[in-house]
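Here is the structure we will look at, set down as structure tokens.
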Ligand code: UD1
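Residue numbers (this note's numbering): 1000 to 1337.
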């Protein structure tokens, strides 16, 4: 297999961290990103961390002509598909944009992969595919509930498309991320801010930095010990490392048709209030926050059973939630220093 790996969305949050891990493992990422959420500065950050130039194509994954040219020139041996719209709330407002973008970018990629006989793909899925599960922790065999949002529905549909196409000779690993947080310990890459953050940790760091007046905790009347929602927060570098382990695993498999899924979480449920307390402890910064109403579409509690990924991929999360919060804060400070 060529050691070039197409990384769609590689100028984005998780994709940029995966590109670093790929380079450090001897692969050559070829980044394709339309910069709608990603940023060139993150590509520069990858280069700074690894001291290697990075191949970067600016463009949209749905652009079949561009994909064709890229595959012809770079001849990637595998694809990591991160590029997608990912805001739960926005997807409720603009469902068509989510269906168009997330489904068509995958289908365009698969068509061009078939044409160039590239059969290995690692897909960015999400714990959102489970909806609100009946019991936790969730394993990969936990049945899907109705998705809580169009974003969640696109992830369910993408997995279905991949499973169907895999029967005709595609090798797929679908990685279901729980809640990736934090930033690279070097503070050269992290989540690039665009508008008001929808996710908890970027909102916490911006509130702590004084960019936002206060954090609003969405709901404190859930059936959880402190009334706030429970999630499985995992350091983004641990998520990125899992992709390299997944690539090794894929290369070891003999079967020409493969569809396997893995949960990527640390297996620990943490509430929103606990996250606030942990952030204050590790940074020494006190956070302004208040209770607010529930956010529509939020799942009450979910965390992973990550044992399948740990065994099959020989992977283990290395960072604590505290370290992830510290790295998120260091990244925020770096952004403010310009
Ligand atoms: C959801 C999906 C996740 C997906 C991600 C993409 C579920 C269970 N999870 O993450 O798979 O990858 O969207 O964006 O569907 N919160 C506040 N105040 C804020 C922001 C968040 O209290 O200002 C709370 C939320 O109510 C939630 C927790 O913090 O309880 C985490 O929220 P967030 O970071 O947005 O992630 P999810 O919605 O869990």
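For every residue, glycine included, the Cβ atom is placed at its ideal position computed from N, Cα and C.
Do residue i and residue j have their C-beta atoms closer together than 9 Å?
i, j, result
"residue 1076", "residue 1117", "yes"
"residue 1036", "residue 1011", "yes"
"residue 1126", "residue 1175", "yes"
"residue 1029", "residue 1071", "no"
"residue 1091", "residue 1295", "yes"
"residue 1216", "residue 1272", "yes"
"residue 1332", "residue 1186", "yes"
"residue 1021", "residue 1310", "no"
"residue 1083", "residue 1203", "no"
"residue 1156", "residue 1102", "yes"
"residue 1229", "residue 1269", "yes"
"residue 1167", "residue 1096", "no"
"residue 1136", "residue 1304", "yes"
"residue 1197", "residue 1027", "no"
Once the 5 residues before and after residue i are set aside, which same chain residues still bring their CB inside 8 Å of it?
i, result
"residue 1162", "1171, 1258"
"residue 1081", "1006, 1007, 1008, 1009, 1011, 1013, 1014, 1017, 1123"
"residue 1291", "1215, 1216, 1217, 1218"
"residue 1147", "1087, 1127, 1130, 1131, 1296, 1297, 1298"
Residue range of the alpha helix (DSSP H) that residue i falls in?
i, result
"residue 1013", "1012 to 1023"
"residue 1079", "Looking at the DSSP string, residue 1079 is not in any alpha helix (DSSP H); the run it does join, the beta strand (DSSP E), is 1077 to 1080."
"residue 1039", "1039 to 1049"
"residue 1326", "1320 to 1335"
"residue 1064", "1063 to 1073"
"residue 1278", "1271 to 1282"
"residue 1302", "It is not in any alpha helix (DSSP H) - residue 1302 carries neither H nor E in the DSSP assignment."
"residue 1151", "1149 to 1165"
"residue 1088", "1087 to 1092"
"residue 1099", "Where residue 1099 is concerned, there is no enclosing alpha helix (DSSP H), given that its DSSP letter is neither H nor E."
"residue 1242", "1235 to 1251"
For residue i, which residues from the same chain have a beta carbon less than 7 Å from its beta carbon, with the 5 sequence-adjacent residues on both sides left out?
i, result
"residue 1237", "1316, 1317, 1318"
"residue 1267", "1231, 1302"
"residue 1098", "1149, 1153"
"residue 1034", "1010, 1057"
"residue 1067", "1111"
"residue 1320", "1232, 1269, 1277"
"residue 1145", "1130"
Report, in whole angstroms, the separation of the C-beta atoms of residue i and residue j, which I expect to be a contact under 8 Å.
i, j, result
"residue 1195", "residue 1013", "That pair is no contact at about 20 Å."
"residue 1121", "residue 1245", "5 Å"
"residue 1183", "residue 1019", "7 Å"
"residue 1188", "residue 1041", "5 Å"
Taking 6 Å as the limit between beta carbons, can you name the residues of its chain near residue i, skipping five residues before and five after?
i, result
"residue 943", "The shown model of the chain, from 1000 to 1337, leaves out residue 943, and the question about it has no answer."
"residue 1169", "1118"
"residue 1061", "1103, 1104, 1107"
"residue 1100", "1084"
"residue 1109", "1164"
"residue 1048", "1019, 1185, 1187"
From what residue to what residue does the beta strand (DSSP E) around residue i run?
i, result
"residue 1198", "Where residue 1198 is concerned, there is no enclosing beta strand (DSSP E), given that its DSSP letter is neither H nor E."
"residue 1032", "1027 to 1032"
"residue 1179", "1178 to 1180"
"residue 1259", "1257 to 1263"
"residue 1056", "1054 to 1057"
"residue 1221", "Unbroken run through residue 1221: none, as it is neither H nor E."
"residue 1289", "1288 to 1291"
"residue 1006", "1003 to 1007"
Taking the C-alpha atoms as reference points, what is the distance between residue i and residue j?
i, j, result
"residue 1114", "residue 1107", "11 Å"
"residue 1307", "residue 1261", "7 Å"
"residue 1025", "residue 1225", "45 Å"
"residue 1131", "residue 1085", "18 Å"
"residue 1285", "residue 1209", "11 Å"
"residue 1293", "residue 1313", "38 Å"
"residue 1000", "residue 1178", "31 Å"
"residue 1044", "residue 1330", "12 Å"
"residue 1087", "residue 1322", "26 Å"
"residue 1297", "residue 1140", "22 Å"
"residue 1299", "residue 1002", "42 Å"
"residue 1054", "residue 1223", "46 Å"
"residue 1133", "residue 1065", "43 Å"
"residue 1227", "residue 1274", "11 Å"
"residue 1094", "residue 1151", "11 Å"
"residue 1207", "residue 1199", "12 Å"
"residue 1180", "residue 1252", "30 Å"
"residue 1250", "residue 1220", "47 Å"
"residue 1264", "residue 1325", "18 Å"
"residue 1138", "residue 1254", "24 Å"
"residue 1282", "residue 1193", "24 Å"
"residue 1240", "residue 1046", "17 Å"
"residue 1079", "residue 1004", "7 Å"
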